[in-house]
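Residue numbers (the numbering used here), protein chains in the order written: chain A, 326 to 774; chain B, 21 to 120; chain C, 366 to 542.
Even glycine gets a Cβ: it sits at the ideal position worked out from N, Cα and C.
A quick note: this is a predicted structure, and the numbers were derived from the prediction, not measured.
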Amino acid sequence: MNPTLEALLHFLATWWVELLWGVVIVAVVPLVAGYVVLVERKLMADMQARLGPMRVGPHGLLQPIADAVELLIKEDIIPDNADQLIFWLAPVISMVAALTSMGAIAFGPTLQVARDINIGILFVAGVSSLGLLGIVLGGWASNSHYSIIGAMRSTAQLVSYETAAGLAMVSALLLSGTLSIRAIVDAQRQSGVWFVFLAPMAFFIYLVASIAETNRAPFDLPEAESELVAGYMTEYSGFRWSLYFLGEYANMIVVASVATTLFLGGWLRPFPNVTWLSWLEYAPAVLMALAGGYSIYRAGKQPVAVQTGFMWAVALACFAVAVLFAVPRFVAPLNFVLPGLNGAFWFLLKVSAYLYVFMWLRFTLPRYRFDQLMHLGWYILIPLAIVNVVAVGVAMLLENAGWNRWVGLMVTTAFTLGTALYLVHLQDKRNARASSAKTDVLPGNSYAG
Amino acid sequence: MMSPAHYLFLSLALFLIGCIGVTTRRNVIVVLMSIELILNAVNINLVMFSRVFGDVAGQVFALFIIADAAAEAAVGLGIIIAFFRNRETVLADEMDLLKW
Amino acid sequence: MLDSVLFYFFGGVAVLSAVLMVTRRNAMHSAVFLITTLMATAGIFLQLRAEFLFIAQIILYVGGIMVLFIFVIMLVRLDVALHHVRFRMQKMVAVLVALALGFEVLAILYAARRLPGQGLFISEITPPDKLPPNSEELAKSLFSAYLLPFEIASVLLLVAMVGAVVMAKSKKGAEEQ
Chain A
326 MNPTLEALLH
336 FLATWWVELL
346 WGVVIVAVVP
356 LVAGYVVLVE
366 RKLMADMQAR
376 LGPMRVGPHG
386 LLQPIADAVE
396 LLIKEDIIPD
406 NADQLIFWLA
416 PVISMVAALT
426 SMGAIAFGPT
436 LQVARDINIG
446 ILFVAGVSSL
456 GLLGIVLGGW
466 ASNSHYSIIG
476 AMRSTAQLVS
486 YETAAGLAMV
496 SALLLSGTLS
506 IRAIVDAQRQ
516 SGVWFVFLAP
526 MAFFIYLVAS
536 IAETNRAPFD
546 LPEAESELVA
556 GYMTEYSGFR
566 WSLYFLGEYA
576 NMIVVASVAT
586 TLFLGGWLRP
596 FPNVTWLSWL
606 EYAPAVLMAL
616 AGGYSIYRAG
626 KQPVAVQTGF
636 MWAVALACFA
646 VAVLFAVPRF
656 VAPLNFVLPG
666 LNGAFWFLLK
676 VSAYLYVFMW
686 LRFTLPRYRF
696 DQLMHLGWYI
706 LIPLAIVNVV
716 AVGVAMLLEN
726 AGWNRWVGLM
736 VTTAFTLGTA
746 LYLVHLQDKR
756 NARASSAKTD
766 VLPGNSYAG
Chain B
21 MMSPAHYLFL
31 SLALFLIGCI
41 GVTTRRNVIV
51 VLMSIELILN
61 AVNINLVMFS
71 RVFGDVAGQV
81 FALFIIADAA
91 AEAAVGLGII
101 IAFFRNRETV
111 LADEMDLLKW
Chain C
366 MLDSVLFYFF
376 GGVAVLSAVL
386 MVTRRNAMHS
396 AVFLITTLMA
406 TAGIFLQLRA
416 EFLFIAQIIL
426 YVGGIMVLFI
436 FVIMLVRLDV
446 ALHHVRFRMQ
456 KMVAVLVALA
466 LGFEVLAILY
476 AARRLPGQGL
486 FISEITPPDK
496 LPPNSEELAK
506 SLFSAYLLPF
516 EIASVLLLVA
526 MVGAVVMAKS
536 KKGAEEQ
């Protein structure tokens with residue numbers, strides 16, 4: 326046979342799983358991101374005492390499909406004097422960065438596209454930071470005031486919070502001692518607790534920094550509609566805008582996955598080493614069955630027959646998934662899928678919880694002004710993250726010197742918390758001084774302050 | 021890995037293109053970017069030899085070159101911004117204050 | 366086989382993007398092509414099994430330095446100036462000098478190939494699956510043998526940061542200080 330053809334077939338035979346995973350990611354993640362948008366709108370409606378999208382499909386379930394069709398058939402408007410090459414390239418960079426970084430994330434002990442690369446977490450963080458280029462190039466190429474200002478603000482925000490996020494990640498990496506994703510989750514399994522209990526300050530710093538990294542409220546000044554029209558996305562319409570939008574939601578999923586891997590134990594069940602809690606192994610099936618039961622209970626309370634039918638369908642789906650989780654446990658030849666299936670369930674549950682917190686904060690907190698945003702990033706989060714890294718390092722040294730791991734970490738966490746409170750106190754003093762200074766300058770103005 | 025000759029040719033090509041960029045372009049920012057290209061060519065060489073000899077020193081050196089290039093780019097761009105603020109130009113032809 | 370495909374792909378993209386970079390009239394296009402060149406170089410690092418350097422190149426060079434360049438190009442954006450060239454043979458001389466340099470280096474490589482005991486062949490090279498983990502090796506070396514350059518590099522970055530801020534500060538900002 327032709328040696329090139331033979332080499333190609335050998336390549337496909339060795340790597341076909343990874344290639345298939347890659348295709349699945351590129352095909353499925355935009356769809357999933359669309360449904361995350363629907364979930365967000367429904368949650369927003371629930372928190373605002375209304376119903377959300379209900380018209381398109383049962384309970385609005387086909388809303389993402391309708392949105393996708395609408396965006397695809399829209400006219401592709403390119404502004405005058407816009408730089409053609411870069412205008413085309415920028416949304417592509419944003420989307421490619423988000424999807425590529427998803428390739429190194431492990432959803433289960435063996436469910437990973439990149440076969441456990443040595444630099445796992447750093448790869449995800451580094452490649453997802455390439456989305457910045459998509460933002461700044463897109464804003465510039467649109468040749469419009471709002472776009473450039475939005476792009477500059479967005480880029481400044483992303484760059485500021487990237488440092489804090491990276492340092493928070495370093496604190497967790499100090500505890501695990503390695504960059505590889507499987508090894509990090511393994512370290513959490515061996516130490517018996519998730520790293521969020523060992524380094525809670527790092528988790529909170531990463532939470533805040535990741536909200537700012539993905540341009541979500543309360544840090545969404547660069548793309549808020551009442552501020553800058555839509556920031557760097559102003560001149561984009563139709564499919565290009567959908568690339569940016571889906572890239573942003575894919576970025577959210579990536580950031581949630583990184584936080585889950587580093588802090589929340591990845592694919593491990595709660596308390597992975599405690600044997601008297603091993604009944605939690607049955608939790609996926611039980612939880613899905615409970616969800617199905619709740620759906621049946623709600624089905625009885627629906628006003629319209631169509632809604633009742635829909636809730637019965639949801640209940641049936643939940644029970645089917647519960648059976649899917651339960652069957653391999655009792656059918657011996659299928660036992661090998663158990664770790665992957667359970668792992669994927671716990672991972673997706675944690676990612677969903679993290680995204681729920683994102684959405685919850687969006688609907689609750691008011692937006693930060695840009696100078697307040699930059700002040701929070703540079704004056705509070707980065708010093709706090711540095712202090713946290715030093716504190717966790719000191720705790721590791723104390724552990725080597727014979728202290729109990731928990732005692733060392735509690736002491737250093739208390740110290741970091743003290744630093745955080747001190748920094749916030751400094752900020753309050755600065756604000757008080759600024760507002761009192763304003764009233765001094767304009768003595769006759771009674772509305773000031 | 022391919023033979024070292026392949027990597028040497030590649031890095032030579034990038035180095036020469038960088039040199040052409042430095043000597044040909046008028047825009048000082050593009051000159052700085054060509055210098056970054058030259059540094060990258062050197063990095064490829066270092067990492068290739070580090071792989072051949074199994075010594076990680078080449079990669080350490082390349083890492084320091086990357087850090088150094090960041091510092092140099094920051095300072096160089098600061099100088100360009102300061103000059104632009106004074107003279108309103110970034111073309112090398114028009115930066116001739118010291119010319120006799 | 367996979368190695369050579371990856372090398373020719375990344376090498377080809379690197380050289381092509383470099384040529385495009387030095388020939389574009391628009392500085393922003395040059396920056397975009399430099400980004401592709403840097404990413405292709407990162408691919409070469411990955412092909413040489415230097416994983417940490419691959420991601421360091423992407424984070425630092427592409428995610429840091431190139432964003433800086435793009436910001437400055439946005440700041441000093443001028444309309445393309447009138448093309449009054451003073452020395453018309455400059456491009457020709459530059460290319461000739463570069464080619465001369467290239468011929469010199471190729472002559473050295475050719476001579477090295479024929480020296481006994483030296484040259485361009487590899488004696489024994491560690492197979493890829495027996496390589497020690499790259500990040501650990503780099504970290505061990507960086508914090509033991511090369512600790513002084515590491516500290517000097519951090520001081521250098523601090524000095525560069527302070528210098529760049531001072532240089533780029535506007536006079537109004539300096540007066541308010």
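Interface criterion met: the Cβ of residue 490 of chain C is under 8 Å from a Cβ in chain B. Classified as buried, residue 365 of chain A has 16 or more neighbouring CB atoms from the shown chains inside 10 Å of its CB. Excluding its 5 nearest sequence neighbours in each direction, residue 578 of chain A has no C-beta neighbour in its own chain below 6 Å. Among the residues of the segment 416-428 of chain C, those with a Cβ less than 7 Å away from any Cβ of chain A are 416, 417, 420, 423, 424, 427 and 428, in the order of the chain. Around the beta-carbon of residue 580 of chain A, 16 or more other beta-carbon atoms lie within 10 Å, marking it buried.
Your pair residue 85 of chain B and residue 63 of chain B checks out as a contact, with CB atoms roughly 6 Å apart and the cut at 8 Å. Contacts with chain B at 8 Å (Cβ-Cβ) do not include residue 498 of chain C. In the structure shown, residue 589 of chain A falls within a coil segment according to DSSP collapsed to helix, strand and coil.
Taking the C-beta atoms as reference points, residue 427 of chain C is found nearer than 8 Å to residue 400 of chain C. Under the DSSP definition of a beta bridge, residue 111 of chain B partners with B:47. Take the alpha-carbon of residue 481 of chain A and the one of residue 472 of chain A: they are about 14 Å apart. Annotated as proximal: residue 372 of chain A and residue 688 of chain A, with beta-carbon spacing under 8 Å.
Apart from sequence neighbours up to five positions away, the residues of its chain that approach residue 568 of chain A with a beta-carbon distance below 6 Å are 416 and 420, ordered along the chain. In the three-state reduction of the DSSP assignment, residue 437 of chain A falls in the strand class. Between residue 49 of chain B and residue 384 of chain C, the C-beta gap is not smaller than 8 Å, which leaves the two residues out of contact.
Every alpha helix (DSSP H) stretch that sits fully inside the segment 451-522 of chain A and reaches 4 residues is listed by chain position as 456-466, 470-501 and 506-516.
Shown in chain order are the members of the segment 367-384 of chain C whose Cβ falls below 7 Å from a Cβ of chain B: 368, 369, 372, 376, 379, 380, 383 and 384.
Excluding the 5 residues flanking it on each side, residue 494 of chain A has same chain C-beta neighbours closer than 7 Å at 446, 450, 531 and 587, in chain order. Residue 741 of chain A and residue 713 of chain A have their alpha carbons spaced roughly 6 Å apart. A contact between stretches requires three or more CB pairs, one per stretch, nearer than 8 Å, and the segment 392-407 of chain C meets this requirement with the segment 426-440 of chain C. Residues are counted here when their Cβ sits less than 7 Å from a Cβ of chain C; for the segment 43-54 of chain B these are 43, 44, 45, 47, 49, 50, 53 and 54, given in chain order.
Contact annotation: in the segment 428-443 of chain C, residues whose CB is within less than 9 Å of a CB in chain B are 429, 430, 431, 433, 434, 436, 437, 438, 440, 441 and 443. Judged by DSSP in its simplified three-state form, residue 91 of chain B adopts helix. Selection A:561, A:510 and A:489 evaluated against residue 528 of chain A yields A:489 as nearest (Cα-Cα). Per the coordinates, the alpha-carbon of residue 101 of chain B lies some 15 Å from the alpha-carbon of residue 526 of chain C.
For residue 697 of chain A, the enclosing alpha helix (DSSP H) has its first and last residue at 695-700.
For the segment 72-100 of chain B, the set of positions with a beta-carbon nearer than 8 Å to some beta-carbon of chain C reads 72, 74, 76, 77, 79, 80, 82, 83, 84, 86, 87, 88, 89, 90, 91, 92, 93, 94, 95, 97, 98, 99 and 100 in chain order. For residue 331 of chain A, the enclosing alpha helix (DSSP H) has its first and last residue at 328-372.
Within the segment 498-522 of chain C, 502, 503, 506, 507, 511, 514, 518, 521 and 522 place their CB atoms closer than 7 Å to a CB of chain B, listed in sequence order. When the five nearest sequence neighbours on each side are left out, the beta carbons in the same chain lying within less than 8 Å of the beta carbon of residue 637 of chain A are those of 620, 621 and 624, in order along the chain.
For the segment 382-401 of chain C, the set of residues with a beta-carbon nearer than 8 Å to any beta-carbon of chain A comprises 391, 393, 394, 397 and 400, in chain order.
For residue 64 of chain B, the C-beta contacts it makes with chain C under 7 Å involve 406 and 409, in order along the chain. DSSP links residue 431 of chain A through a beta bridge to A:437. Non-local beta-carbon contacts of residue 485 of chain A in its own chain, meaning distances under 7 Å to residues more than five positions away in sequence, involve 699, 702 and 703 in chain order. Identification of chain C residues near residue 454 of chain A by a Cβ-Cβ cut-off of 7 Å yields 424 and 428, ordered along the chain.
Put simply, the backbone Cα of residue 47 of chain B is about 23 Å away from that of residue 412 of chain A.
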